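Please read the structure below before turning to the comments.
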Ligand code: GFB
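In the numbering used here, the protein residues as written are 9 to 323.
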């Protein structure tokens with residue numbers, strides 16, 4: 009059991025994932041959550057990170073800080089994705105080892121698996137084939153973080169575990185149409201078009217790829233559950249085990265937003281990996297299952313988007 013007064017550092021607490029993990033920890037009664045904004049602590053600065061661990065002595069660490077983005081951001085800036093993520097991971101995992109953190113949870117992403125992995129993707133598919141090219145930089149950094157946790161566990165006995173969430177969405181997402189993931193992009197595109205009375209919305213690719221989506225607060229619950237219940241060497245997939253085509257997703261978001269115009273598919277933009285469905289039996293066997301349906305989650309995400317002051321949104 010993790011003491012409710014334990015010092016828990018959530019790296020990346022202002023992002024989609026980190027903010028949800030902070031909410032989940034608070035809900036569970038944890039009272040001593042340590043946070044630093046990017047301006048207060050630059051996680052790519054090794055000395056600053058080690059000084060911070062030396063001073064704050066966190067007992068638990070959730071490494072949710074990452075340089076992230078959707079298919080276009082990943083494809084156009086692979087150097088940033090591999091470099092920034094690798095440096096952040098090395099610094100935080102290295103400091104967690106040095107300062108004897110009791111447990112660390114590292115968050116990866118389902119894009120770590122081979123492009124043509126057997127579906128649904130079990131944890132053992134890792135490193136069995138070539139990666140999807142549009143996100144190779146990000147995937148290689150995340151694979152390295154996962155392996156680093158595994159090797160620190162093997163060599164030093166550090167309790168560093170990893171999880172691999174599927175595509176996530178919810179409050180504090182990035183709604184910038186160049187760098188965002190598909191769900192926030194759909195919410196914003198349909199909402200903008202509804203407000204402006206535009207007769208069509210342009211979406212990327214063919215709409216044929218299949219994706220799995222998990223509401224971020226469910227993912228955060230799963231993370232807290234793993235922190236409390238899992239000490240294994242192998243990473244754990246976090247998802248719903250259900251998939252939907254991008255075209256079906258677009259129809260669903262359009263209905264929730266209430267936009268009645270046309271959808272135009274721009275196939276000069278990439279589709280990315282054709283299918284990315286996680287096998288979540290390991291997580292289910294451990295005793296965790298999601299609560300929020302896709303429809304309900306999109307409604308919550310849309311309500312959140314509408315409740316925000318435009319100036320506060322990541323647009
Ligand atoms: O969410 P997304 O950017 O990333 O795109 P991935 C998913 C699918 O939605 C792709 C299509 O087939 C896109 O072509 N799509 C349609 C759109 N319209 C849009 C749009 O307006 N914006 C966006 N962004 N997509 C990312 C990886 O892959 O998933 C990352 O690049 C990470 O590394 C993340 O793993 C979870 O699911 O293809």
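The beta carbon of each residue, even a glycine, is placed where N, CA and C say it ideally should be. The model shown is predicted, which means the values in this text are computed figures rather than measured ones.
Residue 129 carries a strand assignment under DSSP once its states are collapsed to helix, strand and coil. Taking the CA atoms as reference points, residue 24 sits about 11 Å from residue 227. In the three-state reduction of the DSSP assignment, residue 93 falls in the helix class, which pools H, G and I. The shortest CA-to-CA distance from residue 246 to any of 179, 269, 314 and 114 is the one to 114.
Bridge partners of residue 104 according to DSSP: none are assigned. Judged by beta-carbon spacing, residue 199 lies beyond the 8 Å limit of residue 300, meaning their Cβ atoms are not closer than that value.
Here the alpha carbon of residue 249 sits roughly 7 Å from the alpha carbon of residue 220. Under the criterion of beta carbons closer than 8 Å, residue 116 and residue 170 qualify as touching, at roughly 6 Å. For residue 298, the closest alpha carbon among the candidates 263, 242, 321 and 229 is that of 229. For residue 9, no alpha helix (DSSP H) segment is defined, and its DSSP state is neither H nor E. Shortest Cα-Cα distance from residue 254 to any of 291, 191 and 318 involves 191. Not one heavy atom of the ligand GFB sits closer than 7 Å to the Cβ of residue 51. Exposed is the label assigned to residue 237, since fewer than 16 other Cβ atoms lie within 10 Å of its Cβ. Residue 146 has its CB nearer than 7 Å to a heavy atom of the ligand GFB. Residue 321 carries a coil assignment under DSSP once its states are collapsed to helix, strand and coil.
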